[in-house]
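Peer 1:
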Amino acid sequence: MAAPAGSPPRRRVGVGTLVPVGQSNAHARGEPNVHASPQASTGLTVPGSYFERIDELRYKPTPHAGGAWDPDEQHFSPLGGLVAHVLEEHAAASGQGLVVSRISYDILGRLALDECEIEVETIRPGRTIALVEAVVRIGGRPVVRARAWLLAEWDTGAVAGGASPRLTPPDALTPWRMSELWPGGYIASIDVRPVAPPTPGRATTWISTPLDLVAGEQAGPLASYLALVDTANGIAVRQSPTAWMFPNVDLTVHLHRRPTGPWTGLDTTVTWGPSGQGLTSTVLHDVNGPVGRAEQLLTVRPLPGAQANSPA
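As numbered in UniProt numbering, residues 1 to 312 make up the sequence shown, in order.
1. Once you ignore the five residues that flank residue 245 on each side, which residues in its own chain have a CB closer than 6 Å to its CB?
2. Which residues in the same chain as residue 285 place their Cβ atom closer than 6 Å to its Cβ, once the five residues preceding and following it in sequence are excluded?
3. Does residue 144 pass the burial test, meaning 16 or more other C-beta atoms within 10 Å, or should it be called exposed?
4. Cα separation between residue 134 and residue 118?
5. Under the DSSP definition of a beta bridge, which residues are partnered with residue 133?
6. Identify, in the order they occur along the chain, each residue of the same chain with its Cβ nearer than 8 Å to the Cβ of residue 73, setting aside the five sequence neighbours on each side.
7. Using only the alpha-carbon positions, how far apart do residue 197 and residue 214 sit?
8. In this structure, how does DSSP classify residue 267 when only helix, strand and coil are distinguished?
9. Among 201, 82 and 195, whose alpha-carbon lies nearest the alpha-carbon of residue 278?
10. Can you name the start and end residues of the alpha helix (DSSP H) that residue 294 belongs to?
11. On the DSSP bridge assignment, give the partners of residue 59 in chain order.
12. Is the segment 123–138 in contact with the segment 250–267, if contact means three or more CB pairs nearer than 8 Å?
13. Work out the CA separation of residue 281 and residue 298 for me, nearest whole Å.
14. Alpha carbons only, please: which of 75, 61 and 187 is nearest the one belonging to residue 249?
15. In chain order, what residues of the same chain lie with their CB nearer than 8 Å to the CB of residue 106, ignoring the 5 residues before and after it?
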C-alpha cells in the first residue's frame with residue numbers, strides 16, 4: 001500500500017478490527033461488472049475495471065484504483081498489476097515463451113490518480129533468460145521503475161519440493177470489510193477473507209476482486225494475481241494508520257511457480273525497526289499452495305499532528 005506522505009485516512013478504528021460482511025453475489029449472477037464509485041455520492045457507476053487504455057502506451061485509472069493514504073493518489077496494487085500486464089505483453093511479442101519469475105518495483109514518487117504512460121525495453125535479451133524494464137510516468141515524470149527476470153520453463157516436477165503447507169481455502173472463510181480500516185477506491189473494491197483474526201504485525205488473508213485490470217482486455221493470471229499483492233502492507237498493521245504512516249517504497253516478488261487465480265493468498269509478517277524502517281514479508285499462495293515470496297520496504301513515521309500510540 002504505497003504512497004509518499006499524504007492525507008491521513010478518514011476512518012478511525014482500532015488495529016486489526018474485523019467486520020464480517022455478506023458476500024456480494026452480483027458477479028456470480030452474471031450482472032454487469034460495475035460498482036458504485038467509492039469516491040462519489042452521485043449514485044453513478046464507473047467501469048468495472050481499475051484502468052482504461054487510452055492508446056498503446058497510456059492508461060487512465062478509474063476511481064477503483066484510488067489510494068488508501070490519499071484519495072487523490074493511486075493505490076500501488078492495481079498499478080503493479082498493470083505494469084506486469086504490459087511486461088507480459090512485451091515478453092509475448094518476443095516469441096521466446098519466457099515467464100516472469102521475479103519482478104521488482106521501485107516507487108519513485110507520488111502516484112497521482114491521473115493517466116500514466118508505460119514504456120518497456122529489454123535490458124538483457126536471451127532465449128532462456130531475459131531481463132526487461134518498465135518505466136511508468138505520470139505528468140511526464142517517472143514514478144515507478146520495474147525490472148523483471150524472465151525464465152524458460154522446464155519439467156522439474158520430479159525434483160520439486162520445499163514449499164510451505166497450503167492455506168485454508170477462501171470459500172470456507174468469512175469476508176472482512178477492510179474499508180473499515182482503510183479508505184480508498186481500491187480497498188472498497190476487493191473481497192478480503194482472513195484465515196484467522198489478524199494481530200498487530202501478523203495476518204494470513206485471501207484477496208480477490210470482481211473487477212478487470214484493464215477495461216475490455218483479458219489480463220493474464222500473473223498480472224491479475226500481482227494486482228493484489230501490494231495489499232499485504234495493509235492487512236497486518238502494527239499501529240493505527242490514523243497515528244502512523246508506513247508506506248512501502250518498493251515491492252519485490254520472487255516466484256517458484258506460476259500462480260493461478262482468482263485468489264491471492266497473503267501470509268504476512270510486518271516488522272518495524274527502532275529507527276524508521278520496516279519490512280512487510282509475505283509468503284504468497286494460490287489455492288493450490290505457495291507460489292513465492294514478496295518483500296516491501298517501509299518508511300515508518302508518525303503522522304503529522306497525530307498522537308503516536310505505544311507499540312501494539
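We treat Cβ as the ideally placed atom computed from N, Cα and C, and that holds for glycine.
Peer 2: The short version:
1. 301 and 303
2. 167 and 265
3. buried
4. 7 Å
5. 121 and 147
6. 3, 6, 66, 67, 110, 111, 112 and 113
7. 32 Å
8. strand
9. 201
10. Segment 289–299 is the beta strand (DSSP E) holding residue 294; no alpha helix (DSSP H) there.
11. 53 and 116
12. no
13. 11 Å
14. 75
15. 144, 145, 146, 249 and 250
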